[in-house]
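Quick note: to get this note's numbering, add 524 to the position in the sequence shown (first position is 1).
For glycine and all other residues, C-beta sits at the position ideal for the given N, C-alpha and C.
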Amino acid sequence: MNLVVLGASGACGKHLVALAAKRGHQVTAVARVSSKLEVPPGVKVDRGDLTSVEFLRGVVKGQDAVLSGLGLRMGGLAPWNKPEDATFLTRSTRALVEAMKAEGVRRAVVISAGGVGDSFQQMPGFFRALIKLTSLKTAYAQLFDMEQQLLASGLDVCIARPTGLTDGPATGKVVVATAFKGRATISRADVAGWMLAQLEHEVFPQRAPMITVTGAA
Ligand SMILES: NC(=O)c1ccc[n+]([C@@H]2O[C@H](COP(=O)([O-])OP(=O)(O)OC[C@H]3O[C@@H](n4cnc5c(N)ncnc54)[C@H](OP(=O)(O)O)[C@@H]3O)[C@@H](O)[C@H]2O)c1
């Protein structure tokens, strides 16, 4: 497949690029001009403004699907620091939807987070408090807006809602969870593997599942 990875400089984005290339897809890695970005041989790189419809039209043209590891960059260690650009996901999602529609690209698999939208009530109480009381509030509001725009777009979208991300190895033991006991985590490598696997389904089995490796009740 021809696959474009938005946020290719991010910790999940890097895994998406590497894994998609390893599996023989034609990959275009996309990041803003200032991003630190290294890609495996054979991967095309495109840099520009991720909130520009014009730039994104050029990026998605001719692609079979969009994979996104975009999120809010926090100004320091989350969840206590403010995001660098508090409305980035609202603007980038709006531009992406318009660009995909204009270029006739229908499929996208993106990263949100466990606890966004209707999954909030399924999170443990302490985590719900973190979302309400820390700068995660801004990030979660942005992820919610991103989800709502994508779900309302009429495009064929799958929104991964991972639990706590780690840099551990891929386990291939990802499960869809609706309740938790203990510490819920998933490695970025597993998130990338799960996202790519969704593209093998002609119709996405779930629109916005919570995914985890540990901690599912
Ligand atoms: N941390 C967790 O435990 C956790 C749990 C569940 C879900 N999540 C979600 O998963 C997402 C991905 O995680 P991650 O660890 O891969 O995040 P990350 O390393 O911070 O990657 C975020 C990506 O978004 C890009 N980005 C952010 N602001 C941008 C802007 N204004 N313009 C252009 N690109 C921008 C970054 O580009 P640059 O490299 O140029 O900054 C980077 O490529 C997080 O953002 C979060 O929403 C996180």
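Whole runs of the alpha helix (DSSP H) within the stretch 538-584, excluding any shorter than 4 residues
Qualifying alpha helix (DSSP H) stretches, in chain order: 577-584.
Do the CB positions of Q673 and T736 come within less than 7 Å of each other?
As a first step, residue 673 must be located in the sequence shown, where it is residue number 149. As a first step, residue 736 must be located in the sequence shown, where it is residue number 212. No; because the gap between Cβ atoms is not below 7 Å, this pair is not in contact.
So, under 8 Å CB-CB, G569 and A553 are touching, yes? Tell me the CB distance rounded to an integer number of Å.
Within the sequence shown, numbered from 1, the residue matching residue 569 stands at position 45. Within the sequence shown, numbered from 1, the residue matching residue 553 stands at position 29. Just to set this straight, residue 569 is Val in the shown sequence, not Gly. Contact holds; Cβ gap of about 5 Å.
Within the stretch 606-660, note down every full alpha helix (DSSP H) run reaching 4 residues or more, in order along the chain.
Counting whole runs of 4 or more residues, the stretch 606-660 contains the alpha helix (DSSP H) stretches 612-627, 649-657.
DSSP-derived helix/strand/coil call for D588
Within the sequence shown, the letter at position 64 stands for residue 588. D588: coil per DSSP, three-state reduction.
Just grab the DSSP bridge partners of A684 for me.
Start at 1 with the first residue of the sequence shown, and residue 684 comes out as number 160. Its beta-bridge partners are I635.
Tell me whether K661 is buried or exposed, calling it buried when 16 or more other Cβ atoms sit within 10 Å of its Cβ.
What you label residue 661 is simply residue 137 of the sequence shown in a count that begins at 1. Exposed is the call here.
Can you tell me the Cβ-Cβ gap for R685 and M734, rounded? I've got them flagged as a contact below 8 Å.
Within the sequence shown, the letter at position 161 stands for residue 685. Within the sequence shown, the letter at position 210 stands for residue 734. The Cβ separation is near 4 Å, so the contact holds.
Relative to the C-alpha of F704, which candidate in V681, Q730, G739 has its C-alpha closest?
Walking along the sequence shown from the start, residue 704 turns up at place 180. Among V681, Q730, G739, the Cα nearest to that of F704 is on G739.
Under three-state DSSP, which class holds L527?
In the sequence shown, the residue the question calls residue 527 occupies position 3. Strand.
With a CB to CB cut of under 6 Å and the five nearest residues on each side skipped, what residues in its chain are close to V629?
Taking the first residue of the sequence shown as 1, we reach residue 629 at position 105. If we look at V629 and ignore the five residues flanking it on each side, its Cβ neighbours are V584, Q587.
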